[in-house]
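In this note's numbering, the protein residues as written are -17 to 244.
Idealized CB from N, CA, C, for every residue including glycine.
Single-structure report; data block below.
Structure below.
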């Protein structure tokens, strides 16, 4: 893995420290994780299998992303392709995939600012970018960097939120419509957009509304009630086994996942 990462780093522009198996281009500031609910999530992210199970079961989104992730993992398996999980967080999809994030979670290989990737032009075959762009203040810069580092014909799998409540990890800045994605990714080819969880688009804000109403502005009570309400209402999201394929699901989709190429 170390040699693979070194082969795509642009050493003419970037300096780094190699520490604990990570290429560090930026020191992590723990103070950026300031939201109390996000601190709870950050704690559970240390136990990946448990956090992933909780997200799969009680999160208000129907987990459609796993179908598309499995597809990419199958297509790139046992190949010499350079695959980057950009904004990987705690996830470790496969041992030969390069994990890049601002926060040095255990699986992360490269710690950097994703608006200024330390990789050479035209050096990456596949980028995975799941639920990240809402958390950066300048998504256009990230999109431009993705386009720059992808090889001609290189592919992107990206998930972006639409009808979702605020969720700091550690920040949350914007949402995207179906038509907005077309504009933001106009430099890419063969754009295929899929709706995710229209029921989740209703359920998540409704959960937040209910908890806001009955927590009376008390933040710790809000966090406790939200977990309880999520546990009680999550089965509703499984209506999306069918509803996410409705032709109008894009109007209230919780998120969009899409494929495109350079």
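query, result
"Any non-hydrogen atom of the ligand ZN within 8 Å of residue 83 CB", "With respect to small molecules bound, the structure shown includes none, and the ligand ZN cannot be examined in it."
"Same chain only: Cβ atoms within 6 Å of residue 89, ignoring 5 sequence neighbours per side", "74, 81"
"Distance between residue 194 and residue 181 (C-alpha atoms, nearest Å)", "20 Å"
"For residue 167, the three-state DSSP class (helix, strand or coil)", "coil"
"Beta carbon proximity, residue 41 to chain B, threshold 9 Å", "Absence of chain B from the displayed structure is noted, only one protein chain being present."
"Spatial neighbours of residue 267 in its chain, beta-carbon cut-off 6 Å, leaving aside the 5 residues before and after", "Residue 267 falls outside the range modelled here, since the chain spans only -17 to 244, and no answer is possible."
"Beta bridge counterpart(s) of residue 143 as assigned by DSSP", "237"
"Exposure label - residue 38; buried when at least 16 CB within 10 Å", "exposed"
"Per-residue DSSP class, three states only, for residue 226", "coil"
"For residue 245, the nearest candidate out of 64, 9, 113, 31 (CA to CA)", "Residue 245 is absent from the structure shown; the chain starts at -17 and stops at 244."
"Buried or exposed by the 16-neighbour rule on C-beta atoms within 10 Å, applied to residue -8", "exposed"
"Cβ neighbours of residue 208 in the same chain (closer than 6 Å, five flanking residues each side left out)", "193"
"C-beta atoms of residue 66 and residue 106 nearer than 9 Å", "yes"
"Within 9 Å, strictly: CB atoms of residue 156 and residue 42", "no"
"Reduced DSSP category for residue -1 - H, G, I as helix; E, B as strand; rest coil", "strand"
"Under the three-state DSSP convention, the category residue 110 falls into", "strand"
"The segment 208 to 218 / the segment 135 to 150 touching (three or more Cβ pairs under 8 Å)", "no"
"Neighbour-count burial assignment, residue 247, 16 or more Cβ in a 10 Å radius", "Residue 247 lies beyond the stretch modelled for the chain, which goes from -17 to 244, so this question has no answer here."
"Residue nearest to residue 78 in terms of C-alpha spacing, selected from 220, 158, 36, -14", "-14"
"DSSP three-state assignment for residue 198, whether helix, strand or coil", "coil"
"DSSP beta-bridge partners of residue 178", "237"
"Nearest to residue 178 (by Cα), restricted to the options 160, 168, 167, 152", "160"
"According to DSSP, residues forming a beta bridge with residue 190", "Its beta-bridge partners do not exist; DSSP assigns none."
"Beta carbon of residue 139 nearer than 9 Å to that of residue 104", "no"
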